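Everything on this sheet refers to the single structure shown next.
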Amino acid sequence: MLRFISGRLLKAAVILICITVLNFFLIHAAPGDPASVMAGEAGDADPAFLQQLRERFGLDQPLYVQLWIYVSSVLRLDLGYSYRQQLPVLQLISERLPATLLLSLSAFVISLGLGVAAGAFASARQGKWADTIISLVALIFYATPLFWLALMGVLLFSVELGWLPGFGYETVGANYTGVARMLDILRHLILPAMTLGLFFMAVYARMTRASMLEVGRLDFVKTAKAKGLRPGIIQRRHVLRNALLPVVTLAGLQAGQLVGGAVLIETVFAWPGIGRLMFDALSQRDYNLLLGVFVVSAAMVLLFNLITDVLYRLVDPRIKVAS
1 MLRFISGRLL KAAVILICIT VLNFFLIHAA PGDPASVMAG EAGDADPAFL
51 QQLRERFGLD QPLYVQLWIY VSSVLRLDLG YSYRQQLPVL QLISERLPAT
101 LLLSLSAFVI SLGLGVAAGA FASARQGKWA DTIISLVALI FYATPLFWLA
151 LMGVLLFSVE LGWLPGFGYE TVGANYTGVA RMLDILRHLI LPAMTLGLFF
201 MAVYARMTRA SMLEVGRLDF VKTAKAKGLR PGIIQRRHVL RNALLPVVTL
251 AGLQAGQLVG GAVLIETVFA WPGIGRLMFD ALSQRDYNLL LGVFVVSAAM
301 VLLFNLITDV LYRLVDPRIK VAS
């Protein structure tokens, strides 16, 4: 296992460098640059002033020189300096990353837990009203746009009922500490985490149901029934465990997507995570900050994929690992 993990980490490092280079060229292929944006906001489009800004930020160098400088810095864990925020990129991301991880992991646990439970419940009652209702609800959440679901959640639970706060990470000016602050953050977390988790919950529910129905028709399940085992034991120990492999595969892929794909949710709920930071960096042409967010997001996707491969052995010990 240690050899497998070492080999995968080496491959992940190579992939991460390739992603960094590709993102660098894609971002620099976009029209405009930070110097033009800052000069426009300053009300000075003088060519001499633009040249000064480009020299200050190294934008006057050939593209291959900028690439070499940036990749070399990334290898030293230096993601550069933000043009607009006037702070190191790594510091800006480290300040926002905990909020994104809290939102993404909460949504992941909600979606996976509820999705697998709903799918297992529906498969055990195939063709009955419970199966129909769960399949219909899952289809509705899967087809509903996230932004509309987020806005309706704010209108219902925050504006109309007043049960939950609609925006922000914590109550501004409350100055809570300890347990009180944790509970306040939890109240602010419920709406964005549930909104982000409901879409993926629908995916896991449908996949779990289909996978369990397929496994339930295999010979070893028929043998277990012939031996007189109780239906509940057959579902939990034989059907569910073997049906979880495709769900684990999809969950591992989507765990990374949750981190990088929370831009819309963070924007709607004013959640101070790296998704919103990436949106601001894009609108401001802050190349270093945008590239830094991409690097961190790609690294987390690769990490989640590695964790998924390791979890395969826990779900099904028959699977052999190979680097």
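Residues in the sequence shown are numbered from 1 upward in steps of one, following full-length UniProt numbering. Cβ coordinates follow ideal geometry from the N, Cα and C atoms, glycine included. What you are looking at is a predicted structure, and each value in this text was computed from that prediction instead of being measured.
Asked: 8 Å Cβ cutoff met for L189 and S104; Found: no
Asked: Neighbourhood of V295 by C-beta, 8 Å cutoff - its chain only, sequence neighbours within 5 removed; Found: L16, I19, T20, N23, V74 and L79
Asked: Every unbroken alpha helix (DSSP H) within the segment 114 to 175, with a cutoff of 4 residues, ordered by chain; Found: 129 to 143 and 146 to 153
Asked: Limits of the unbroken alpha helix (DSSP H) element including W68; Found: L63 to L75
Asked: Range of the contiguous alpha helix (DSSP H) that encloses F269; Found: From DSSP, F269 is part of no alpha helix (DSSP H); its letter is neither H nor E.
Asked: Spatial distance of I307 from R96 (CA atoms); Found: 23 Å
Asked: Y83 (DSSP reduced to helix, strand or coil); Found: coil
Asked: Whole-angstrom distance between R241 and A224, CA atom to CA atom; Found: 14 Å
Asked: Alpha carbon of L229 to alpha carbon of D219, nearest angstrom; Found: 14 Å
Asked: Beta carbon of A99 nearer than 8 Å to that of W271; Found: yes
Asked: Buried versus exposed call for residue 377 [16 or more other C-beta atoms within 10 Å across all chains shown]; Found: Past the edges of the chain, shown from 1 to 323, lies residue 377, and the structure says nothing about it.
Asked: R236 to A298 span [Cα, whole Å]; Found: 35 Å
Asked: Buried or exposed (CB count within 10 angstroms, at least 16 for buried), P145; Found: exposed
Asked: Continuous alpha helix (DSSP H) stretch holding H188: start and end; Found: G178 to V215
Asked: Identified DSSP bridge partners for P88; Found: Y81
Asked: Local conformation of L218 per DSSP, three classes; Found: coil
Asked: Of the listed residues G232, M207, A281 and S283, nearest to T249 (C-alpha basis); Found: M207
Asked: DSSP three-state assignment for D309, whether helix, strand or coil; Found: helix
Asked: Helix, strand or coil at A298 [DSSP, three-state]; Found: helix
Asked: Simplified DSSP assignment, three categories, for A243; Found: helix
Asked: CA-to-CA distance, L10 to R76, given in whole angstroms; Found: 16 Å
Asked: Reduced DSSP category for K225 - H, G, I as helix; E, B as strand; rest coil; Found: helix
Asked: Alpha-carbon to alpha-carbon, V89 and S82; Found: 6 Å
Asked: Helix, strand or coil at Q254 according to DSSP, with G and I counted as helix; Found: helix
Asked: Cβ distance (whole Å) where V293 is taken to contact I27 below 8 Å; Found: That pair is no contact at about 11 Å.
Asked: Extent of the continuous alpha helix (DSSP H) to which D286 belongs; Found: Looking at the DSSP string, D286 is not in any alpha helix (DSSP H), and its letter there is neither H nor E.
Asked: Beta-carbon proximity of G127 to A205, cut-off 8 Å; Found: no
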